[in-house]
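Sequential numbering from 0 applies to the sequence shown in numbering that gives the first Met the number 0.
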Amino acid sequence: MLILSLMTRYSFLSILYKSIPMVLLSPTIQTSTFSPPPPPPPTTIPIIQQDSKQMQIQSQIIRRKITSILQKDVTLAGPLLRLAFHDAATREDEGGDAATTKESTHGSASFTGGSNGSIQYELSWSENRALSRPLQIVQSLYKEQQKTMVMRRPSFSFSLSSLQKRSDTDDDADEYKMSLADVIALAGAQAVEVAGGPSIPIHLGRLDVIPLHPTTQDTLQKREKGRDVITSKETTTIPITTEADDATAADPYYRRTILSNNETKRSIVTTTLPSAGLDSDGLRLYFTSLGLSESELVAICGAHDLGRHVTLLNMTKSCLKILTRDCLENAPVSIPFVSKDPDTFSNEYYKALLRWYDRNVTLGEVAFIPTDVNLVVDEGLRVYVEKYAKDEGLFFREFTSAYQKLVDATATSIGAY
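In structure tokens, the structure reads:
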């Protein structure tokens, strides 16, 4: 049952909720004959110099509504957190690595992707399975906010090469209307708090993206073609950073720059959301590229304290035969990563990891995936697992820092709300 749940699960990370690939990525790239248009250039987000008082008012409204929703159905906490992660973690900084600028302020890097509402166009991605429901909830709150708020947001003009803000002296600059990306990020933060975790203030002022290349059936076929190229076994080496093949370059599903340390096939990072098959080196490469430290990497994985796997249990025979997206979206049985209090945010995840490592877990107590157990198998990462298992307050502080780094990279407000 564990293997089946690993192959079909959903959760937060792609670690946090992504299907384990049937073929692990090979450190190889071959050239395809497909030549799509080039991807959009990186965008530099300006910092808003003066916040609107409406930011605080609107953020409080959204947080109260999320709290009300979760009080009626606490099982939505994990999916809302996962939604926020999947919208934010697609960021790729220019040059492919944010490690050299990870201490920089929010909204100052050149990048593609990130917390920009693009998740609404990416539900066809296998990693985003079962995100339809939390997205619909957030979109409903967003639409309500649009109707009730007089729309005169600090104005931005958009072009492929830049984003420019209107003068702060404009008379309407104090009136603010949130983006969908803002609401998604707030919903994830509030879900953590309502589930018993830390209060996480975040910056606002994100811009919603307009897709240049909407996902179509043709895109999906080309994506499969690109995956076939990447998983080829004909060669065995790859540089630390390599430009993506033409078949994947214009598809936001794939990174523009592939990351690898030449250690193992499972270390290679080719997609903008992390593979559940990554080893500990692959996890380091992926989260370092997002500007997170090792302690923050281990902390953000603690989101698996919330959430559940999709399983094949009690699924109809017709669904078992074809396993369509709809079948997996509506799977009748899901199981938690950690069976104890799966809708409460705590450090129980780390305690369970250590029990698993010591072979002291009982059947059904945990349902970990490879990226989970990598945290204790790897000696360097296990240090933080042990710290968080002993000190929940430390875990909460590190998780807060990691979450803010992920969602605030595209935010533009000076204040956090």
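From the three backbone atoms N, C-alpha and C, an ideal C-beta is built for every residue, glycine too. Just so we're clear, the structure is a prediction, and the values are computed from it rather than from any experiment.
Query, Result
"From the DSSP output, in three-state form, read off Val182 for me.", "helix"
"So, for Leu312: in the same chain, excluding its five sequence neighbours on each side, which residues have a beta-carbon less than 6 Å away from its beta-carbon?", "Val332"
"Among the candidates Ser400, Tyr349, Ala415, whose CA atom is the shortest distance from the CA of Pro197?", "Ser400"
"Who are the near neighbours of Glu293 in its chain, counting only those whose CB is closer than 6 Å to its CB and skipping five residues on each side?", "none"
"For Val132, does the count of other Cβ atoms within 10 angstroms reach 16, so buried, or fall short, so exposed?", "According to the sequence displayed, residue 132 carries Arg and not Val. Its Cβ having fewer than 16 others within 10 Å, Arg132 is exposed."
"Identify the continuous alpha helix (DSSP H) that holds Thr66 and give its terminal residues.", "52–71"
"Just the Cα atoms here: how many angstroms apart are Val268 and Asp207?", "26 Å"
"Three or more beta-carbon pairs under 8 Å between the stretch 344–353 and the stretch 250–260, yes or no?", "no"
"Going straight from the alpha carbon of Asn373 to that of Phe286, what length do you get?", "14 Å"
"Given that a residue counts as buried once 16 or more other Cβ atoms are within 10 Å of its Cβ, and exposed if not, what is Gly392?", "exposed"
"Our contact map puts Gly195 next to Thr343 with C-beta atoms below 8 Å; I'd like the distance itself, whole angstroms only.", "5 Å"
"Does the distance from the C-beta atom of Ala87 to that of Leu405 stay below 8 Å?", "yes"
"Can you say whether Gly379 is buried or exposed, counting buried as having 16 or more other CB atoms within 10 angstroms of its CB?", "exposed"
"Between Ser338, Ala190, Leu362, Val309, which has its C-alpha nearest Asn329's C-alpha?", "Val309"
"Roughly how many angstroms separate the alpha carbons of Phe398 and Leu185, rounded to a whole number?", "15 Å"
"List the residues that DSSP assigns as beta-bridge partners of His364.", "Reading off the sequence shown, one finds Glu at residue 364, where the question assumed His. Its beta-bridge partners do not exist; DSSP assigns none."
"With a threshold of 7 Å on Cβ separation, who are the neighbours of Ser345 within its own chain once the five nearest residues in sequence on each side are excluded?", "Gly195, Asp304, Glu391"
"Please identify the residue among Phe84, Val384, Ala366 whose C-alpha is closest to the C-alpha of Glu126.", "Phe84"
"Does DSSP put Asp92 in a helix, a strand or coil?", "strand"
"Taking DSSP as the reference, what is the three-state secondary structure of Ala415?", "strand"
"By Cβ distance below 8 Å, which residues in the same chain neighbour Pro381 in space, the five residues on each side in sequence not counted?", "Before going on, a small fix: residue 381 reads as Arg here, not Pro. Tyr356, Leu374, Val375, listed in sequence order."
"Mapping the DSSP letters down to three states, classify Pro251 as helix, strand or coil.", "coil"
"Have a look at Pro273 and Thr409 and give me their C-alpha separation to the nearest angstrom.", "19 Å"
"Does Ser412 pass the burial test, meaning 16 or more other C-beta atoms within 10 Å, or should it be called exposed?", "buried"
"Measuring alpha carbon to alpha carbon, tell me which of Gly306, Leu327, Arg307 ends up nearest Lys316.", "Leu327"
"Anyone know if the C-beta pair for Ile118 and Leu69 falls short of 8 Å?", "no"
"Kindly identify the DSSP beta-bridge partner or partners of Ser333.", "Val309"
"How long is the line joining the alpha carbons of Arg358 and Leu282, rounded to whole angstroms?", "24 Å"
"Specify the secondary structure class of Ile321 as computed by DSSP and reduced to three states.", "helix"
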